[in-house]
Structure formats: C-alpha cells, structure tokens
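Undergrad: Would you mind keeping the following structure in view while I ask a few things?
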Amino acid sequence: MRSPLVLLLVLGLVLESHAEPDFPLTEDSKVHADIPHGDLITGTYIAKEGSVFPGTVRDYTIYIPPGCYIGKSSPFMVFQDGVIYDAPVVFDNLIAKKQIPPLIGIFIKPGVVPAANPNANPRLNRCYEYDSVTDTYARFLIDELLPAIAKKHELALSTDPDDAAIAGNSSGGICAFMVGWHRPDRIRRIFSGVGTYVGIRGGDQLPVLIRKYEPKPLRVFLQSGTNDNNLYCGDWWMANQMMERSLTWNGYDVNHVWGEGGHNQKHASQIFPDVMRWLWRDFDKAKQIKANAEGKSKWKGYEVIGDGKWELATNEMKKASSLTAKISGDVFALDYDTGDVWKLSPMTAPSKFATFGVGGDHGLGMSQMVACKNDKLVGTGNGNTRGMSVISNDGNKQPFPASSDIGGWSLCLSFDGWFYMSRGLTRDLFAFPYAENDEQVKDPIVTSFPIPAFKLTLSPDQSVLYVIHDNERMIWSYRIMGDHSLRDGQAFYELQSKDNGAIEARGLCVDTNGWLYVATALGIQVCDTSGRVNFIIPTPQPPHDVCFGGKDLGELFIACGDKIYKRPTKAHGYVSGQMAPIKPPTPKL
C-alpha cells in the first residue's frame, strides 16, 4: 500500500500534466523603440432609436498606422472586446517588416444599455450581440458603426473585402466568424480564438451548415486547446475541431493551431503575429480570396448543379410570385401585383405574354399556374378569388370550363390530366380531372389536411404529392391512391432553418432524379429522395418560387420579388403535366 506522501506526489504529477502551459510572447509582440509607432485614439458610440441595438453605449479604440493620412483608402481589421492580443504592438512590428499592410485597427467593446436608475443593473449585450448566429451584429457593424466611426474620425476604410479582417476571442471569436459568413462582400479574413461554437444561440449548428452551404470566399484561422471550456452548452475544444474539419471538407482556405491552453487569450496572443502573417499573405500581390480556390471542396451541390453562378433573367416585373415551365423550356412568371404573365424563352428576350387580371382583397386574381399537355396554361384563383382560367398559346385568356367555384392557392397537374389543388385556409385539397367540355367539376375528391397547404408538386413517378404546409419546417409527402385521394401522409423532408429559426418555404419543384428543390429563407434547399437536405444553394435575394426551365430543362429559375434569376445545372427538371411518369433511381439508405 502506498504511503500518503507517495499518493500526494502522484496526484501532483497528474495535476501538473493537465496544467495549462505558459505561452510566452515572441519578439513581434514586444515594443521596439527603433521602429515607427502608430497612434491610438478613443471614442464612444451611443446607438439611437432605429439602431440595430438601440440604447447601447460602447467604447472603441482606433489604431492609426504610421504614415496613414486622411483620405487614403486603407485596409482595416476589426476586433471584438476592445484591444486584445497586444495587437497595436504587433501591428507596429509587422508593418515595419512589411509583412502586413499598413492597416487601421478598430477595437470595439460590446454594447451596454445603461441602468435605468441606481437601484437597477445595466443590460449587458455581449452574449446577445456576439453569440447570435443571425446577421444582426454584421448589419450593425458594417452598415451602422463602421460608417459612423469613419465619418467622425475622417477615415477612408477600403471597400475591397480582401482589404478587411476581423478577429475575436471566445464569444468574440464566433462573432468574427459570423460577420464574415454573412458579409463576405465586405470582410473575408477571420481569426477566431477559442470560439464559442456551442449550444448558446445556435453556434453548435454551424459545422453542419458549413458543409451544406455553397462555399464562400473566406480565409479562416482557428485556435483552441485541450483545456478549453467544457460546460452545460458544449465542449469548446471539440466544437472548434468540428468547425475546422467542416471548413476543410468544404474547400475553405483554413488554418489552425491547437494546444493545451484554456479558455483565455494566452495562446492566441502568442501566435497572433503568425496568424496575421498567414491571414494577410499575398496582400501586396493583388490576389483575391476566392471560394474553393484550390478545387478541394466536397460540397454536394457541385455534383448536381455544377459550379455556375446566378445571372439575372429579368427585372421588369413588380412582384414575381409564381413560376412554371413547359417541356419546351419556356418559363412563365406570374406578377402578383399586376396579374401579368411573363414569358422567359431560351430563344428570345423576356416579354409580357398575357394577363390573368387582378381581383380579390389581395390584388391578384390568380396565384399559381401549371402547363398542360395541350400546351395551355391553367391558373388558379387565390383564397379570395374563386375559379380558374386558361391561357392559350396565343396569350388569350378564357374561363376554365370545368370550374365555377373551385379555386385555391396552389395546384399541380398529372400527366393523365388530374388536378390537385389546395384551398388554403379551408385545409381542403381537391382532386378533379381536366375536362374542357364539362360545365363544372362534379364531386371532386376531397382530402382534408390538419393545417393549410400552400404549395404542391408531384414526384417524377407521379405517385407522391409533396406539400408545403403553413409555417412548417417539414415538407410533407402523401401517397396518391388509385381514386386520386391522398393517404399515408408523413412529415418527410426536414428543412434547415435560418439563423433566426425561420424556414419560409414558399415554392418547390423536382428534377428527373426525384430530388426536391425548395425555395426557403436560406436559399434553395435540395433534398434527396430519402428526405435529407444534401446541400443549400445561396440566392441573391430570398426566393418566392423555384422551377426548372431553359434548354433541356437544365436551368434553375428563382422568383425574387421584382427580379428573376437563373443558373445552369447538371440536372433536368420535370414538368408533371406534360411529361409521362418517370421512375427515379432507387433511393440510398
């Protein structure tokens, strides 16, 4: 049996082996009298009503590099939590060595809402501002605070995103990443020390989102250590490794240093000069930071849609709300405000094709269109305007003979001539045949939903109806029976939510492989036939609807308010009313 002294010695060795090591600063973090030094100026920003963070007060410090003069466009770097990492000293040394550009440092404290009275506490905004994965802080920083600071101190901050960097520690680290993530058009260089990528305000979801989202033009350096926090909301050490692995998997320009440090600035301060050299490498060679620059991304979207980009198809509409295509590749867009139908042809310029007219409390007489085998377009009235209409090939509008009171918010059409139409707030779905000579629909098949349905589309084999229900994270899948009724409904596709929890699923379509494309607040979410979101295509604006069109139905079109965009793909769309059923490949488990 060991003596108490021996046990104490063993315990001491164990504790010593897990103790945080020292992180002595290098010469680049020490003051040198024989080089030029920048100037520091301080200020306070008080946010007024109408601000992103109204009522907040925050102090800031600005580093002006040696030789910087008023009016000169300058690179800059933003820091959360004020002056950290001995950054002004490092700037002096690395600028003198010409290893980084002469940049302006902007060190910003988190906001505080002052106490209402001596018996009350102030509201500390740090967690709210820094840990959130929404674009709120990015909007505040880029659109409000930086312009205000630049104007007050007569700074000319470069508008080139390659000239901008951002850094932070802990919650400031995830904050730095989120600013770059949301605004790569403005800031592309990121240093995150012991970043809080855990379950506080959604940070734990970022490694998955990074893998699903099309790569962005960012350069990212991460630091953490084995003694980092391990708390109720997650394990910082593991979370930072997950971030690094996801960024690497998706082809980002990413670097990291792991160690045995704790949740503090010690290790990050030691490596900060090297981080700066890496972040700003090639700054003097006019090399842009590009997405997937080395072609190493494993983003699934490249396999399905390729590496093309969105291009503007037309901006002549007021509010494009619904898209449909014909097998010819012609895409028809419905303008919600005017009732006009625009035609986007692969062969000709966009043109106004016809009008459904307007009517009802919300303006539009029609809410969605489908293309039929006779090449006509059929539109359905919205919740306030009953009835259906037909537009012939020459653009003439006629009443749909088989409906006197049938109408709804969404419809789709099968190849054998059956309509499936949702009636919105009544929660009913009607199934009835396309019979041009009948005076009205007789005894349509009715299926009642538990909640309203707003968008519908058919699977390529036309055995399944996909439904967007109101305010749902899920896309429902219903089996179509022989009598055209619906059964076996399941909440089958679980969509990725936006950073504020919103989904805003508004439109959907399918390709010939059975993949489902859903227009959401995050962009176009693309799901395999097993119900999984495989990748997300970011869009220039939040999309209202999506469909395939163009040559061989190989282009993806999106309606975004007054604009319609298109993007080439490797896939081919499916037009259920004009194409015979197609059996997609067998789903993978």
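Numbering (my numbering), first residue to last: 2 to 590.
Glycine included, C-beta positions come from ideal geometry on N, C-alpha and C.
If you're wondering where the values come from, they're calculated on a predicted model, not measured in any experiment.
#1: To test your reading of the DSSP string, which unbroken beta strand (DSSP E) runs of 3 or more residues are found completely within the stretch 524-550?
#2: Give the DSSP bridge partners of Asn170, in chain order.
#3: In whole angstroms, what separates the C-alpha of His154 from that of Pro22?
#4: Ordered along the chain, which non-local residues of its own chain (more than five positions away) have a Cβ less than 6 Å from that of Pro539?
#5: What separation, rounded to the nearest whole angstrom, lies between the Cα atoms of Leu365 and Asp429?
#6: DSSP has Lys398 in a bridge; who is on the other side?
#7: Could you have a look at Met600 and say whether DSSP puts it in helix, strand or coil?
#8: What is the residue span of the beta strand (DSSP E) that Ile565 lies within?
#9: Looking at the secondary structure, which residues open and close the alpha helix (DSSP H) in which Pro245 lies?
#10: Using 8 Å for Cβ pairs, my map puts Arg189 next to Trp281. What's the rounded Cβ distance?
#11: Restricting to Cα atoms, I'd like to know which of Ser478, Lys567, Phe493, Asp275 is closest to Gly551.
#12: Distance check for Arg424 and Phe450, CA to CA, integer angstroms please.
#13: Are the beta-carbon atoms belonging to Asn514 and Pro585 less than 9 Å from one another?
#14: Given this structure, state the Cα-to-Cα distance separating Lys286 from Trp279, to the nearest angstrom.
#15: When the Cα of Thr587 is compared with those of Pro111, Gln579, Asp462, which residue comes out closest?
#16: Can you tell me whether DSSP reads Lys353 as helix, strand or coil?
#17: Could you give the distance in angstroms between the alpha-carbon of Leu496 and the alpha-carbon of Lys110?
#18: If His545 sits next to Ala560, beta carbons under 8 Å apart, how far is it from one beta carbon to the other, in whole angstroms?
#19: Taking the Cβ atom as the reference point for each residue, do Val534 and Tyr575 lie within a distance shorter than 9 Å?
#20: For Met580, which of Lys456, Pro445, Gly418 has the nearest alpha-carbon?
#21: Identify, in the order they occur along the chain, each residue of the same chain with its Cβ nearer than 8 Å to the Cβ of Met482, setting aside the five sequence neighbours on each side.
#22: My understanding is that Ile42 touches Pro66, with C-beta atoms under 8 Å, so please give their C-beta distance in whole angstroms.
#23: Does DSSP put Val15 in a helix, a strand or coil?
#24: Note the first and the last residue of the continuous alpha helix (DSSP H) segment covering Ile96.
#25: Would you call the stretch 253-261 in contact with the stretch 221-234, where contact means no fewer than 3 C-beta pairs closer than 8 Å?
#26: Return helix, strand or coil for Thr57, following the three-state DSSP convention.
#27: Would you tell me roughly how many angstroms separate the C-alpha atoms of Leu466 and Gly490, rounded to the nearest one?
#28: So Ser159 packs on Ile175, CB below 8 Å; how close in whole Å?
#29: Return the residue from the list Gly532, Asp563, Gly555 that minimises the CA-CA distance to Lys589.
#30: Taking all protein chains shown into account, do 16 or more other C-beta atoms lie within 10 angstroms of the C-beta of Ser298, making it buried, or fewer, making it exposed?
#31: By the 10 Å Cβ neighbour count, where 16 or more other Cβ atoms means buried, how is Asn316 classified, buried or exposed?
#32: Please classify Phe274 as buried or exposed, where buried requires at least 16 neighbouring CB atoms within 10 angstroms.
#33: Enumerate in chain order the residues of its own chain whose CB-to-CB distance from Gly173 is below 6 Å, with the five nearest sequence positions on each side excluded.
#34: Express the C-alpha separation of Ala177 and Gly169 in angstroms, rounding to a whole number.
#35: For Glu556, does the count of other Cβ atoms within 10 angstroms reach 16, so buried, or fall short, so exposed?
#36: Would you give the residue range spanned by the beta strand (DSSP E) that Gln369 belongs to?
TA: The structure says:
#1: 524-528, 534-538, 546-550
#2: Gly194
#3: 41 Å
#4: Within the same chain, and ignoring the five residues on either side of Pro539 in sequence, the residues whose Cβ sits closer than 6 Å to its Cβ are Glu215, Gly524.
#5: Low confidence applies here, because Leu365 scores a pLDDT of 43, under 50, leaving its location unreliable and the question unanswered by this model.
#6: Ile392
#7: In the structure as shown, the chain starts at 2 and stops at 590, and residue 600 therefore has no counterpart that could be examined.
#8: 564-569
#9: It should be noted that the sequence gives Glu, not Pro, for residue 245. 237-250 is the extent of the alpha helix (DSSP H) around Glu245.
#10: Contact doesn't hold; Cβ gap of about 11 Å is too wide.
#11: Lys567
#12: 10 Å
#13: yes
#14: 14 Å
#15: Asp462
#16: The three-state reading of DSSP puts Lys353 in strand, counting E and B together.
#17: 36 Å
#18: Contact holds; Cβ gap of about 5 Å.
#19: no
#20: Met580 has its Cα closest to that of Gly418, out of Lys456, Pro445, Gly418.
#21: Arg488
#22: Incorrect: roughly 12 Å between the Cβ atoms, too far for contact.
#23: Legend: pLDDT at Val15 = 42, less than 50; position of this residue unreliable, no value from coordinates given.
#24: 88-97
#25: Verdict: yes, contact present.
#26: Three-state result, Thr57: coil.
#27: 9 Å
#28: Wrong, their Cβ atoms sit about 25 Å apart, outside the cutoff.
#29: Gly532
#30: buried
#31: exposed
#32: The question names Phe, but residue 274 is Pro in the sequence shown. The residue in question, Pro274, is buried, as its Cβ has 16 or more Cβ neighbours within 10 Å.
#33: Gln81, Asp82, Tyr131
#34: 6 Å
#35: By the 10 Å Cβ count, Glu556 comes out buried.
#36: 369-372
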